[in-house]
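What follows is a short report on a single structure.
Number of protein chains: 2
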Amino acid sequence: MKIRVTNYGKLIILFILCLNAGIMNGQDIIQQIVYKPIGVFHSPYSPETGAPRQGILIPEGNGTIEIYPEYQRALKNMELFEYIIVIYHLDKVQKWNHTAKPPASNPDYKFGLFATRSPNRPNPIGLATVKLEKVENGMLYVSGVDAFEGTPVLDIKPYLPSVDGVKSIQNEMIEKELGLHD
Amino acid sequence: MKIRVTNYGKLIILFILCLNAGIMNGQDIIQQIVYKPIGVFHSPYSPETGAPRQGILIPEGNGTIEIYPEYQRALKNMELFEYIIVIYHLDKVQKWNHTAKPPASNPDYKFGLFATRSPNRPNPIGLATVKLEKVENGMLYVSGVDAFEGTPVLDIKPYLPSVDGVKSIQNEMIEKELGLHD
């Protein structure tokens with residue numbers, strides 16, 4: 128069987144290929160930010176069991192973070208820190224809403240999503256300050272975990288009290304009033 | 128001009144197309160996490176001027192976060208908080224290293240990347256607790272910014288002292304010793 132491809136036809140094919148490549152690159156550079164997991168959470172929690180809101184409030188809740196082999200060299204001296212910040216991808220989140228109801232006493236309260244810790248965010252990024260118990264063979268043993276088993280981990284940072292732990296009476300007051308740990 | 132494409136050849140082309148589509152989807156689903164900016168930082172800093180390490184230590188450094196129109200409804204009640212946490216994409220970062228030297232007195236110190244705040248991370252995610260001065264027309268006026276002009280913003284969260292601002296003498300000590308604000 129023969130298929131005729133004229134020079135004109137070849138130009139069209141070339142044009143489609145270039146367009147395709149252009150769109151892909153355009154999306155990557157302009158609109159999309161692409162990350163790769165550096166590790167994964169292991170915890171006793173699943174969507175079925177649920178996970179505690181802001182697990183640091185339940186310090187006995189233990190879990191581990193498995194750092195993938197290619198990143199384990201980057202853990203050197205991590206064990207010097209008592210608290211670390213974990214940034215992870217809430218991979219079970221399907222959609223997001225503009226508003227959320229904080230777990231407050233007043234059921235009429237509705238807050239803008241960015242004024243809450245609801246997981247249903249446009250970019251479902253989880254953030255937790257957890258206690259680091261031990262580092263062994265590329266595993267971080269932590270307490271205060273509120274993530275599901277299998278949650279992809281994006282970054283680990285040391286917790287620096289002078290910049291991460293600011294004092295704010297105003298935030299303390301609103302936190303107490305609204306119980307914004309969602 | 129004619130090009131012969133046998134049935135066998137057509138099968139090969141079909142196979143390559145399917146493989147291509149499969150790889151693309153596989154990367155998206157399994158390996159890659161894709162986010163879209165919800166806004167952008169405006170600040171007086173650029174790669175040429177440099178930016179302060181952990182800008183919160185220079186509270187007079189002011190900037191704004193422009194939230195894109197489709198996300199502005201999610202800012203409701205944001206102004207109740209004195210401090211907010213901003214998660215952003217360090218889009219100028221080109222590569223990462225397994226280790227980094229903290230800005231310490233001893234030039235021999237080498238720390239694993241995850242035990243530092245160096246921007247050269249596998250997933251270059253920036254994290255800053257900043258003071259919120261005002262919210263107006265989808266703009267957050269903040270002080271304590273350490274991001275470059277044009278930095279894409281991924282998420283905003285309220286700063287909750289009880290979970291985000293833990294007390295840790297150990298972290299305070301190591302922070303003082305090493306000046307880990309890089």
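Just so you know, the sequences run in chain order D and V.
Add 127 to the 1-based position in the first sequence for the numbering used here, that's all there is to it.
Add 127 to the 1-based position in the second sequence for the numbering used here, that's all there is to it.
By construction, the Cβ of each residue, glycine as well, lies at the ideal position given by its N, Cα and C atoms.
The structure presented is a predicted model; accordingly, all values stated were derived computationally and were not measured.
- Between the stretch 242-254 of chain V and the stretch 281-295 of chain D there are three or more inter-stretch CB-CB distances shorter than 8 Å, so the stretches are counted as touching.
- Proximity of Glu276 (chain V) to chain D, defined by a Cβ-Cβ separation below 8 Å, is not satisfied.
- Residue burial is scored here from C-beta neighbours: Leu138 (chain D) has fewer than 16 other C-beta atoms within 10 angstroms and is therefore classed as exposed.
- In the DSSP assignment, Met266 (chain V) falls within the beta strand (DSSP E) that extends over Met266 to Ser270.
- For the 8 Å CB-CB criterion, Phe168 (chain V) and Gly190 (chain V) form a contact.
- Under the 8 Å criterion on CB atoms, Leu254 (chain V) is classed as interfacial with respect to chain D.
- Under the DSSP assignment, Ile296 (chain D) falls outside any beta strand (DSSP E), being part of the alpha helix (DSSP H) whose first and last residues are Ile296 to Leu305.
- Among the CB atoms of chain V, none fall inside 8 Å of the CB of Asn247 (chain D).
- Using a Cβ-Cβ cut-off of 8 Å, Pro171 (chain V) does not count as an interface residue toward chain D, since no Cβ of chain D sits closer than that to its own.
- Among the residues of the stretch 283-295 of chain D, those with a Cβ less than 8 Å away from any Cβ of chain V are Ile283, Lys284, Pro285, Tyr286, Leu287, Pro288, Ser289, Val290, Asp291, Gly292, Val293, Lys294 and Ser295, in the order of the chain.
- Taken in chain order, the unbroken stretches of beta strand (DSSP E) that lie wholly in the stretch 182-233 of chain D and span 3 residues or more are 189-194 and 210-216.
- The beta carbon of Ala201 (chain D) falls within 8 Å of a beta carbon belonging to chain V, placing the residue at that interface.
- Burial check for Ile296 (chain V): the Cβ neighbour count within 10 Å stays below 16, so the residue is exposed.
- Here the alpha carbons of Gly166 (chain D) and Asp282 (chain D) stand approximately 8 Å from one another.
- Contact annotation: Phe208 (chain V) and Pro279 (chain V) have beta-carbon atoms that are not nearer than 8 Å.
- By the Cβ test, the stretch 238-251 of chain D is in contact with the stretch 191-201 of chain V, since at least three Cβ pairs between them sit closer than 8 Å.
- Residue nearest to Met205 (chain V) within the set V:Glu299, V:Gly271 and V:Met266 is V:Met266 (criterion: CA-CA distance).
- Taking a C-beta distance under 8 Å as the contact criterion, Pro229 (chain V) and Gly306 (chain V) qualify as a contact pair.
- Within chain D, the residues placing a beta-carbon under 8 Å from that of Ile212 (chain V) are Leu254, ordered along the chain.
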